[in-house]
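First the structure, in the form of structure tokens, and then the observations on it.
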Amino acid sequence: MGQGMKVIDLSHAINERMPVFPGSEKPQLTTVATYEKDGYHETLIRMYSHVGTHIDPPAHVYEKGLTLDALPLTQFIGQALVIDCRHRKSEKPITMKEVNEAREDAETADFLLFNTGWDKFWGSEEYFGDYPCIDDDVLDFILLGNYKGIGFDVMGIDPISDLSLHRHKKLFKNKYIINIENLANLDQCGSGLFNFSCFPLKLENADGAPTRAVAWWE
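For the sequence shown, this note's numbering begins at 81 and goes up steadily by one.
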């Protein structure tokens with residue numbers, strides 16, 4: 081690894097105070113061994129598969145959809161582009177106007193990551209508010225492309241209130257693609273393409289899993 085390499089962590093830390101999807105339990109990190117008593121330290125971790133910065137595969141919403149562990153490792157690494165949507169008011173959807181501002185790079189990227197700036201609300205009630213979501217035109221553009229994945233710095237690709245999961249279902253219906261939620265620090269990635277990886281925990285038959293998403297430049 082050369083000295084000229086710059087690396088940015090795009091994941092939130094997992095802890096017992098973090099925001100979780102309404103109806104889920106917060107993670108529990110229980111000390112089961114201590115230095116004083118046992119001579120070492122160990123923690124029992126209890127958490128949902130869609131906690132924090134995590135990945136949805138098709139199996140999240142489709143019974144016969146691919147699970148995360150069935151996807152090749154190449155699905156989780158490639159060139160990414162951040163689409164700047166920070167000027168979007170929450171009641172206004174993200175449209176092709178935002179994508180078209182970086183259209184050339186958007187067409188060659190493996191991952192499109194949508195920066196709404198919402199990660200600044202992480203840890204507050206505002207995080208559960210009406211964050212901007214992509215509209216059907218953007219979703220159609222993604223489905224027509226050859227993307228490995230898309231990502232967001234909000235709680236989901238659908239609004240929290242949309243129990244039908246319209247965008248999840250449309251995205252995964254006929255496509256091998258992943259959806260990354262609760263990303264952080266997308267504002268530090270600049271414009272243009274960069275190296276990106278988001279390897280999830282290797283859980284068997286995973287309908288989702290926490291991931292360490294990372295951006296880097298040589």
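Cβ coordinates follow ideal geometry from the N, Cα and C atoms, glycine included. Computed from a predicted structure; not experimentally measured.
Give me, in chain order, the residues of the same chain whose beta-carbon lies closer than 8 angstroms to that of residue i; leave out the 5 immediate sequence neighbours on both sides.
| i | result |
| --- | --- |
| L263 | L90, S91, T133, L193, D199, G231, F232, D233 and A293 |
| K255 | P138 and L223 |
| Q159 | T188, A189, D190, F191, L273, F274, N275 and F276 |
| F208 | P99, P102, M235 and I240 |
| Q247 | In the sequence as presented, Gln is not what sits at residue 247; that position holds Arg. Contacts found: C213, I214, L219, I237 and D238. |
Kindly indicate the opening and closing residues of the beta strand (DSSP E) around residue i.
| i | result |
| --- | --- |
| F252 | Note, F252: premise wrong, no beta strand (DSSP E); alpha helix (DSSP H) at H246 to F252. |
| I88 | K86 to D89 |
| I222 | I222 -> not in any beta strand (DSSP E); alpha helix (DSSP H) instead, spanning D216 to L224. |
| I237 | Note, I237: premise wrong, no beta strand (DSSP E); not H, not E. |
Ends of the alpha helix (DSSP H) at residue i?
| i | result |
| --- | --- |
| T111 | No alpha helix (DSSP H) contains T111, which is instead part of the beta strand (DSSP E) from Q108 to A113. |
| R183 | R183 to T188 |
| N259 | Taken as a continuous stretch (DSSP letters only), N259 belongs to no alpha helix (DSSP H), being part of the beta strand (DSSP E) at I258 to E261. |
| V179 | M176 to N180 |
I'd like to check one pair, residue j with residue i: are the Cβ atoms closer than 8 angstroms?
| i | j | result |
| --- | --- | --- |
| T147 | R166 | no |
| D215 | P173 | yes |
| T111 | T123 | yes |
| L161 | A186 | yes |
| Y128 | S104 | yes |
Which residues in the same chain have their Cβ closer than 6 angstroms to the Cβ of residue i, if we skip the five residues on either side of it in sequence?
| i | result |
| --- | --- |
| W297 | K86 and F274 |
| P280 | I135, L148, A289 and T291 |
| A286 | T147, L148 and D149 |
| D217 | M176 |
| L266 | V162, L193, N195 and D233 |
| F201 | Y207 |
Check the C-beta distance from residue i over to residue j and give it rounded, since I have them as a contact under 8 angstroms.
| i | j | result |
| --- | --- | --- |
| G288 | I125 | Not confirmed; about 16 angstroms, so no contact. |
| K228 | I257 | 7 angstroms |
| I301 | E184 | Because the chain spans 81 through 298 in this model, residue 301 falls outside it and cannot be assessed. |
| L251 | I237 | 7 angstroms |
| E181 | D210 | In fact, because the Cβ distance is near 23 angstroms, the residues do not count as touching under 8 angstroms. |
| V141 | L243 | The pair is not a contact, with the Cβ atoms about 12 angstroms apart (cut-off 8 angstroms). |
| V131 | I94 | 6 angstroms |
Name, in chain order, the residues that DSSP records as bridge partners for residue i.
| i | result |
| --- | --- |
| W296 | V87 and N275 |
| I125 | L109 |
| F232 | F194 |
| D164 | N195 |
| D136 | N259 |
| G158 | F276 |
| P290 | H134 |
For residue i, which residues in the same chain have their Cβ closer than 7 angstroms to its Cβ, ignoring the five residues on either side in sequence?
| i | result |
| --- | --- |
| E96 | K106, P107, Q108 and L109 |
| Q268 | I88 |
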